[in-house]
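Trainee: Chains as they are written, first to last, in numbering that gives the first Met the number 0: chain A, 0 to 108; chain B, 0 to 255. C-beta: ideal position from N, C-alpha, C; glycine also. Below are the structure tokens for one structure; questions will follow.
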Amino acid sequence: MEAISQTAFHVLVAIGPEERHGYGIMQEVARITNGATRLGPGGVYTTIRRLLDDGLIEESDERPDRDLDDQRRRYYRLTGVGRTVVAKEVARLDSLVESARPWAMESAE
Amino acid sequence: MSERIYRALLRLYPADFRHRFGEDMVQLFSDKLRDARASRAPWGTAAAWLAMLGDVATTAASERLRRNRHVAHSMPTTPPIEARVLGLAGVVGGAVLLTAFVIDVPSGLNALRIALFNFGAIAVAIALLRRRDQPGLIPLIAGALLIGVSAWHAVMALANIHGDVLFATDVALWLATAGFGVIQLVQPGLSRWGALALSVGSALAVTGIDRLGLVSATSPTIFNSLSQAGIVMVGIGWVVMGIDVATRREVVQPVA
Chain A
0 MEAISQTAFH
10 VLVAIGPEER
20 HGYGIMQEVA
30 RITNGATRLG
40 PGGVYTTIRR
50 LLDDGLIEES
60 DERPDRDLDD
70 QRRRYYRLTG
80 VGRTVVAKEV
90 ARLDSLVESA
100 RPWAMESAE
Chain B
0 MSERIYRALL
10 RLYPADFRHR
20 FGEDMVQLFS
30 DKLRDARASR
40 APWGTAAAWL
50 AMLGDVATTA
60 ASERLRRNRH
70 VAHSMPTTPP
80 IEARVLGLAG
90 VVGGAVLLTA
100 FVIDVPSGLN
110 ALRIALFNFG
120 AIAVAIALLR
130 RRDQPGLIPL
140 IAGALLIGVS
150 AWHAVMALAN
160 IHGDVLFATD
170 VALWLATAGF
180 GVIQLVQPGL
190 SRWGALALSV
200 GSALAVTGID
210 RLGLVSATSP
220 TIFNSLSQAG
230 IVMVGIGWVV
240 MGIDVATRRE
250 VVQPVA
């Protein structure tokens with residue numbers, strides 16, 4: 000499997016432990032990146048297509064909130080492989096941040 | 000109106016992607032545009048449209064690139080050895096047909112020359128029937144017809160049979176070759192030039208059959224020249240088709 004892209008990682012984190020549809024993913028990506036990443040429909044669904052093909056996410060039949068549910072929407076959730084990929088990426092970023100923290104924060108101050 | 004424009008823009012994406020996610024994307028587009036209008040920000044809708052145009056341009060291009068790479072990976076690097084041998088037979092058949100216009104073929108070898116030409120046509124037809132990018136009943140019927148008529152024509156030549164049966168076989172051969180050429184013109188995966196030469200050449204060559212009365216040995220008509228030109232075109236057509244099936248990769252659509 001190819002290295003995961005930043006957008007793909009954002010989408011995986013946006014889906015998280017829940018089930019989300021395209022619009023929910025788009026809003027969540029904007030929220031967790033403080034608005035730095037704003038995906039359009041093409042960005043969302045080309046990433047979803049790639050993650051589905053790689054087996055990192057799957058379509059979900061479950062509806063988290065039936066009152067708010069729109070039957071036309073398709074929901075997605077992480078697979079076991081997807082969770083593993085997120086965990087590895089988090090560990091990699093964590094290690095990177097730990098390496099930079101001692102000096103990078105001093106420079107910023 | 001906005002939704003209709005966005006639907007039209009979706010045609011920039013590959014068809015398989017569009018069928019899979021098109022409706023979801025239209026819905027997401029509508030949601031995003033609704034949010035932009037609700038925000039009441041100055042130029043909000045225009046900014047949303049601008050962002051979405053950029054989104055379509057970049058992601059449609061990347062999807063098309065990905066699909067092209069996928070198609071390229073699904074192709075065999077070279078045609079199989081059987082296709083190469085059958086294509087070579089087609090080249091030999093076409094070249095042998097053309098030899099009569101370059102050298103005087105001894106009468107004793109003429110039957111062999113015609114049979115080799117027929118075997119070349121059969122070989123190319125078999126090679127095309129084996130290709131996965133030639134699906135459908137019509138190419139199958141056209142190929143089978145050409146193989147049958149060519150085989151029978153070769154038998155007639157080698158057995159030195161003349162008369163009404165040879166006349167009917169000659170007509171059937173040129174018509175089957177013309178039909179085969181026309182069908183191949185609309186098939187994917189091959190050069191059109193060989194098929195065009197076969198279809199036009201055969202239609203011209205049929206006028207050279209003595210019994211039709213269009214040509215004359217004593218006072219040549221225009222059909223003498225046209226039918227000869229047609230036979231040359233058929234020879235060139237089989238050479239081109241032979242090279243094509245021996246060298247050209249199959250165009251196999253990947254499974255979405």
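Only counting runs of 4 or more residues, tell me where the alpha helix (DSSP H) segments fall wholly within the region 177 to 208 of chain B, in order along the chain.
Mentor: 191 to 204
Trainee: Can we say the region 227 to 240 of chain B touches the region 91 to 108 of chain B, given the rule of at least three CB pairs closer than 8 Å?
Mentor: yes
Trainee: Which partner residues of H20/A appear in the DSSP bridge assignment?
Mentor: Here residue 20/A corresponds to residue number 21 of the first sequence, with the count starting at 1. Partner(s): Y74/A.
Trainee: From which residue to which residue does the alpha helix (DSSP H) around S259/B run?
Mentor: Chain B is shown only over 0 to 255; residue 259/B falls outside these bounds and no answer can be derived.
Trainee: Go ahead and pull the three-state DSSP assignment for I235/B.
Mentor: For this step, residue 235/B is matched to residue 236 along the second sequence. Reduced to three states, the DSSP call for I235/B is helix.
Trainee: Which chain B residues sit within Cβ distance under 7 Å of R71/A?
Mentor: If you number the first sequence from 1, residue 71/A lands on position 72. Correct list: Q26.
Trainee: Any idea what DSSP makes of S218/B, helix, strand or coil?
Mentor: Here residue 218/B is taken as the residue at index 219 of the second sequence, counted from 1. In the structure shown, S218/B sits in coil (DSSP, three-state: anything other than H, G, I, E or B).
Trainee: Answer yes or no: does any C-beta atom of chain A fall closer than 7 Å to that of F20/B?
Mentor: Residue mapping note: residue 20/B aligns to position 21 of the second sequence, counting from 1. In terms of beta-carbon proximity, F20/B lines the interface with chain A, with at least one pair separated by less than 7 Å.
Trainee: Taking all protein chains shown into account, decide if H135/A is buried (16 or more other Cβ within 10 angstroms of its Cβ) or exposed.
Mentor: Residue 135/A lies beyond the range of chain A shown here (0 to 108); nothing can be said about it.
Trainee: Within its chain, find whatever has a CB closer than 6 Å to the CB of A158/B; leave out the 5 residues flanking it on each side and keep chain order.
Mentor: Translated into positions along the second sequence, residue 158/B becomes position 159. There are no such residues.
Trainee: Mapping DSSP to helix, strand and coil, what is S59/A?
Mentor: The residue you call residue 59/A lines up with position 60 of the first sequence. Reduced to three states, the DSSP call for S59/A is strand.
Trainee: Just curious, the alpha helix (DSSP H) that H161/B is in, first and last residue?
Mentor: Taking the first residue of the second sequence as position 1, residue 161/B is located at position 162. That residue, H161/B, is in no alpha helix (DSSP H); it is neither H nor E in DSSP.
Trainee: Just the C-alpha distance for D23/B and L11/A, rounded to the nearest angstrom, thanks.
Mentor: Here residue 23/B corresponds to residue number 24 of the second sequence, with the count starting at 1. Here residue 11/A corresponds to residue number 12 of the first sequence, with the count starting at 1. So the alpha carbons of these two residues sit roughly 18 Å apart.
Trainee: Rounded to a whole number of angstroms, what is the C-alpha to C-alpha distance between L189/B and P16/A?
Mentor: As a working mapping, residue 189/B is identified with position 190 in the second sequence. As a working mapping, residue 16/A is identified with position 17 in the first sequence. Their backbone Cα atoms lie some 51 Å apart in a straight line.
Trainee: Could you work out which residue in L115/B, F222/B, L203/B is closest to A156/B when comparing CA atoms only?
Mentor: One-based indexing of the second sequence puts residue 156/B at position 157. Across the set L115/B, F222/B, L203/B, the C-alpha of L115/B shows the shortest separation from the C-alpha of A156/B.
Trainee: So which residues on chain B does Y22/A lean against when the C-beta distance must stay under 7 Å?
Mentor: Translated into positions along the first sequence, residue 22/A becomes position 23. Correct list: L27, D30.
Trainee: Can you tell me where the alpha helix (DSSP H) with D88/B in it begins and where it stops?
Mentor: Residue numbering aside, residue 88/B sits at position 89 when the second sequence is read from its first letter. The residue asked about is misnamed: residue 88/B is Ala in this sequence, not Asp. Counting along the chain, the alpha helix (DSSP H) containing A88/B begins and ends at 80 to 98.
Trainee: Does the beta carbon of T45/A come closer than 7 Å to any beta carbon on chain B?
Mentor: Position 46 of the first sequence, counting from 1, holds the residue named residue 45/A. Yes, because at least one Cβ of chain B sits closer than 7 Å to the Cβ of T45/A.
Trainee: Can you pull out the residues from the region 47 to 63 of chain B whose beta carbon lies closer than 8 Å to at least one beta carbon of chain A?
Mentor: When CB distances to chain A are screened at a threshold of 8 Å, the residues of the region 47 to 63 of chain B falling below it are A50, M51, G53, D54, V55, T57, T58, A59, S61, E62, in chain order.
Trainee: Would you check if the distance between the CB atom of L203/B and the CB atom of S226/B is smaller than 7 Å?
Mentor: Looking up residue 203/B in the second sequence gives position 204. Looking up residue 226/B in the second sequence gives position 227. Contact flag set, yes.
Trainee: Is P253/B buried or exposed, if buried means 16 or more other CB atoms sit within 10 Å of its CB?
Mentor: Taking the second sequence and counting its residues from 1, one reaches residue 253/B at position 254. In this prediction, P253/B scores a pLDDT of 46, lower than 50, which makes its location untrustworthy; the coordinate-derived value is nonetheless stated afterwards. Exposed, since its Cβ has fewer than 16 Cβ neighbours within 10 Å.
Trainee: Tell me which residues share the same chain as M240/B and place their Cβ nearer than 6 Å to its Cβ, disregarding the 5 neighbours each side in the sequence.
Mentor: Within the second sequence, the letter at position 241 stands for residue 240/B. Within the same chain, M240/B has close Cβ partners G89, V123, G193.
Trainee: Could you give the distance in angstroms between the alpha-carbon of V238/B and the alpha-carbon of V84/B?
Mentor: Counting from 1 along the second sequence, the entry for residue 238/B is found at position 239. Counting from 1 along the second sequence, the entry for residue 84/B is found at position 85. Distance between the alpha carbons of V238/B and V84/B is about 13 Å.
Trainee: Tell me which residues of the region 24 to 54 of chain A have at least one Cβ-Cβ distance to chain B shorter than 8 Å, keeping chain order.
Mentor: M25, R37, L38, G39, P40, G41, G42, V43, Y44, T45, I47, R48
Trainee: In its own chain, which residues sit with a C-beta less than 6 Å from the C-beta of L74/A, not counting the 5 before and 5 after it?
Mentor: On the first sequence, residue 74/A is found 75 positions in, with the first residue counted as 1. Leu is not the amino acid found at residue 74/A; the sequence shown has Tyr there. The beta carbon of Y74/A is closer than 6 Å to those of E18, H20, S59 in its chain, skipping five residues each way along the sequence.
Trainee: For a contact defined as C-beta to C-beta under 7 Å, what are the partners of D23/B on chain A?
Mentor: Start at 1 with the first residue of the second sequence, and residue 23/B comes out as number 24. G21, Y44, R73, listed in chain order.
Trainee: Near G43/B, which residues of its chain fall below 8 Å by C-beta distance, leaving aside the five closest residues on each side in sequence?
Mentor: Numbered from 1 along the second sequence, position 44 holds the residue referred to as residue 43/B. So the qualifying residues of the chain are A35, R36.
Trainee: Going by the beta-carbon positions, is the gap between G200/B and A141/B smaller than 7 Å?
Mentor: Here residue 200/B corresponds to residue number 201 of the second sequence, with the count starting at 1. Here residue 141/B corresponds to residue number 142 of the second sequence, with the count starting at 1. Not in contact: G200/B and A141/B (Cβ atoms no closer than 7 Å).
Trainee: Flag S106/B as yes when its Cβ comes closer than 6 Å to any non-hydrogen atom of the ligand NAP, and as no otherwise.
Mentor: Absence of the ligand NAP from the depicted structure is noted, as is the absence of any ligand whatsoever, leaving it without description.
Trainee: I'd like the list of long-range same chain contacts for D243/B, defined as Cβ closer than 8 Å, with 5 residues on each side in sequence excluded.
Mentor: To locate residue 243/B, count along the second sequence from 1; it is residue 244. So the list reads G86, L189, S190, G193, once near-sequence residues are dropped.
Trainee: Who are the near neighbours of I24/A in its chain, counting only those whose CB is closer than 8 Å to its CB and skipping five residues on each side?
Mentor: Looking up residue 24/A in the first sequence gives position 25. V10, A13, I14, L38, V43, I47, Y75, listed in sequence order.
Trainee: What separation, rounded to the nearest whole angstrom, lies between the Cα atoms of A196/B and F16/B?
Mentor: Position 197 of the second sequence, counted from the start, is the residue given in the question as residue 196/B. Position 17 of the second sequence, counted from the start, is the residue given in the question as residue 16/B. Their Cα atoms are separated by approximately 38 Å.
Trainee: Please classify N33/A: does DSSP put it in a helix, a strand, or coil?
Mentor: Position 34 of the first sequence, counted from the first residue, corresponds to residue 33/A. Coil.
Trainee: Do you know offhand how far A245/B's Cα is from A120/B's?
Mentor: For the purposes of this step, residue 245/B is taken as the residue at position 246 of the second sequence. For the purposes of this step, residue 120/B is taken as the residue at position 121 of the second sequence. Rounded to whole angstroms, A245/B to A120/B spans 14 Å at the Cα level.
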